[in-house]
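Trainee:
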Amino acid sequence: MKKVIILAALCLMGQSAWAQIRDFQTTRLMSTAGAGVASILSTEAAILNPASSAFFSGSSFSYQGYSTALKDENELRKAANDEFPGNNRSQGAFLSDHSGAVKGGVAYLTQDENNFEREKMVLHGSAAMGPSTAMGVSYNYVQDTLPNSYKDRHQTHHQMSLGMTHFAADDMILGIVILDPTRTNSGDERLIAGFQYTITNRFMLIGDVGTQYTKAWSEKYLWRAAVQLNIFSDFFIRVGQFYDNVTEFKGTGWGVAWMGPRLGLEFAQKYSDQIGDGNYIYEGESLVDTSLSAIIKF
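Numbers -19 to -1, 1 to 279, taken from mature numbering (1 follows the signal peptide of the UniProt record, and there is no 0), label the letters of the sequence shown in order.
1. For a quick check, are the C-beta atoms of ALA206 and GLY188 less than 7 Å apart?
2. Should LYS59 go down as buried or exposed, given a rule of 16 or more other Cβ atoms within 10 Å for buried?
3. Tell me which same chain residues have a C-beta within less than 6 Å of the C-beta of ILE(-14), skipping the five on either side of it?
4. Taking only runs that begin and end inside the region 118 to 202, name each unbroken alpha helix (DSSP H) of 4 or more residues, in chain order.
5. Considering only C-alpha positions, which residue in the set LEU22, GLU56, THR271 is nearest to GLY156?
6. Nearest to ILE159 by CA position, among LEU29, PHE42, VAL269, is which residue?
7. Pop quiz: LYS132 and GLU266 are said to be a contact at Cβ under 8 Å. What is the actual Cβ separation, rounded to whole angstroms?
8. Taking Cβ positions, are ALA249 and THR8 nearer each other than 7 Å?
9. In whole angstroms, what separates the C-alpha of ARG70 from that of SER113?
10. Can you check whether the CB of PHE217 is closer than 7 Å to the CB of ALA238?
11. Whole angstroms is fine: what's the gap from ARG99's alpha carbon to ALA14's?
12. Contact check, SER43 vs SER80 under 8 Å by CB: the rounded distance?
13. Report the three-state DSSP secondary structure of THR24 (helix, strand or coil).
14. GLN209 and ALA19 - do their beta-carbons sit closer together than 7 Å?
15. Going by other Cβ atoms of all chains shown within 10 Å of its Cβ, with 16 needed for buried, is LEU268 buried or exposed?
16. Short of 8 Å in beta carbon distance, which residues of its chain neighbour LYS278, apart from the five on each side in sequence? Order them along the chain.
17. Quick check on residue 338: does DSSP put it in helix, strand or coil?
18. Which of the three DSSP states is assigned to ALA108 in this structure?
19. Just how far apart, CA to CA, sit MET116 and ALA150?
20. With 16 as the cutoff for other CB atoms within 10 Å, does PHE184 come out buried or exposed?
21. Taking Cβ positions, are GLY67 and LEU76 nearer each other than 7 Å?
See the structure below:
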C-alpha cells in the first residue's frame, strides 16, 4: 500500500524530481509579479530587459536576497517522505555604471532551490538609438549543479538576451526582450513584450505578455500585470499578478519600497501556485518567496 501511495505522489508531483530551478527575480520584480519589460530599471536590466539601463546616469550597487518556503503541504508529500528542502535561498549582487555612451553593468547571482544550485555571472550593456529608443544586450554565464541522483550533475550554459525600450509618449513606454535566442539551453527561450503607462504622477500600470516562441502560442504563454502607487515622494506600494503556462505557475506579488536620493530599501513577497505537472510542488501547495534588497546610488 505504501508503494502505491508513493507512486501516486510521484505522478501528482509531475517533474518534482527533475524540475529546473526558477529564474532569479529581484525584490522589485517580485512585488510586480515579474512584470517590468517596459519599465526603466537599473538593477533589473541585468536579468530582464538590458535596454532600460540606457536612460540612467550615475552608478549604483544593489544587493538582493530572498528565501523560498512551502505553504499548505500536501499529505502525499509526507507519505512519500519527500521533505521540502529547507535551504532555498538566493542572493544577487548588481553593479551598474551609466557614465559612458554605452551603459550597463555586471551581476553575480547564486540560487539554491529544490536541491538544485545555480551560479550566474551577467554582463550587460545598452545604448540610445535616438532620444526615445534604446537597445541592449546581456551575456549570461550559467553553472548548474543538479541533485545527487543525476549522473551528469554539472552543466554550463552561455546565454544572451536582446532587448529594446521605446518611449511612445510621455506617459507610455514600450519594451520587448528575446531571452536565449540561440537556444543554448532548450526551454529557456522567450519572447516577451510589455508596456508601462503612467496615469498620474502617483499611479502606474505595468503589463507583460510573452511566449516560448518555439512552441504554439496556445500551449506556452505568459502574462503579468501590476500597479504601482507612489505614496509621498519616495515611498512606493506595488501589487501584481501573473500566469505562466511555460513554467506552469500562477500567483500574485506585493511589495513596498523606499527610494531616497542615495539609498533605497525594498521588501516583497510572491506567492506561486501550481497550474500543471511540470513543476516540483504537489497539488494544492504554494511557494512563498520573501525578498529584501538594498540599493546604494553614487
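The C-beta atom is built at its ideal place from N, Cα and C for all residues, glycine as well.
Mentor: Once the coordinates are examined:
1. Your numbering for residue 206 matches position 225 in the sequence shown. Your numbering for residue 188 matches position 207 in the sequence shown. Yes; because the gap between Cβ atoms is below 7 Å, this pair is in contact.
2. Numbered from its first residue, the sequence shown carries residue 59 at position 78. So LYS59 counts as exposed.
3. Position 6 of the sequence shown, counted from the first residue, corresponds to residue -14. Below a pLDDT of 50, predicted positions are generally treated as unreliable, and ILE(-14), at 37, falls in that range; the measurement from the model is reported next regardless. Closer than 6 Å at the Cβ level, and outside the excluded window around ILE(-14), lie ALA61.
4. None, since the region 118 to 202 contains no complete alpha helix (DSSP H) of that length.
5. On the sequence shown, position 175 is the one that residue 156 refers to. A check of alpha carbon separations from GLY156 across LEU22, GLU56, THR271 identifies LEU22 as the nearest.
6. On the sequence shown, position 178 is the one that residue 159 refers to. Cα-wise, what sits closest to ILE159 is LEU29.
7. By one-based count along the sequence shown, residue 132 stands at place 151. By one-based count along the sequence shown, residue 266 stands at place 285. So it is not a contact: roughly 28 Å between Cβ atoms.
8. By one-based count along the sequence shown, residue 249 stands at place 268. By one-based count along the sequence shown, residue 8 stands at place 27. Cβ distance < 7 Å, so ALA249 and THR8 count as in contact.
9. As a working note, residue 70 is residue 89 in the sequence shown. As a working note, residue 113 is residue 132 in the sequence shown. Going from the Cα of ARG70 to the Cα of SER113 covers about 38 Å.
10. Along the sequence shown, read from residue 1 onward, the residue named residue 238 stands at position 257. Along the sequence shown, read from residue 1 onward, the residue named residue 217 stands at position 236. It is a contact, given that the beta carbons lie within the stated cut-off.
11. On the sequence shown, residue 99 is found 118 positions in, with the first residue counted as 1. On the sequence shown, residue 14 is found 33 positions in, with the first residue counted as 1. Roughly 22 Å between the two C-alpha positions.
12. Taking the first residue of the sequence shown as position 1, residue 43 is located at position 62. Taking the first residue of the sequence shown as position 1, residue 80 is located at position 99. At roughly 17 Å, the Cβ-Cβ gap does not stay under 8 Å, so SER43 and SER80 are not in contact.
13. The count along the sequence shown starts at 1 and reaches residue 24 at position 43. Correct three-state label for THR24: helix.
14. If you number the sequence shown from 1, residue 19 lands on position 38. If you number the sequence shown from 1, residue 209 lands on position 228. With contacts defined by Cβ atoms closer than 7 Å, ALA19 and GLN209 do not form a contacting pair.
15. For the purposes of this step, residue 268 is taken as the residue at position 287 of the sequence shown. Classification of LEU268: buried, given that the 10 Å Cβ count is 16 or more.
16. Position 297 of the sequence shown, counted from the start, is the residue given in the question as residue 278. For LYS278, where only same-chain residues beyond five positions count, the Cβ hits under 8 Å are GLY39, SER40, SER41, PRO242, ARG243, LEU244, GLY245.
17. The first residue shown for the chain is -19 and the last is 279, placing residue 338 beyond what the model contains.
18. Position 127 of the sequence shown holds residue 108. Strand.
19. Counted from its first residue, the sequence shown places residue 116 at position 135. Counted from its first residue, the sequence shown places residue 150 at position 169. If I take the Cα positions, the gap works out to 18 Å.
20. Numbered from its first residue, the sequence shown carries residue 184 at position 203. With fewer than 16 Cβ atoms within 10 Å of its Cβ, PHE184 is classed as exposed.
21. Along the sequence shown, one-based indexing puts residue 67 at 86. Along the sequence shown, one-based indexing puts residue 76 at 95. No; because the gap between Cβ atoms is not below 7 Å, this pair is not in contact.
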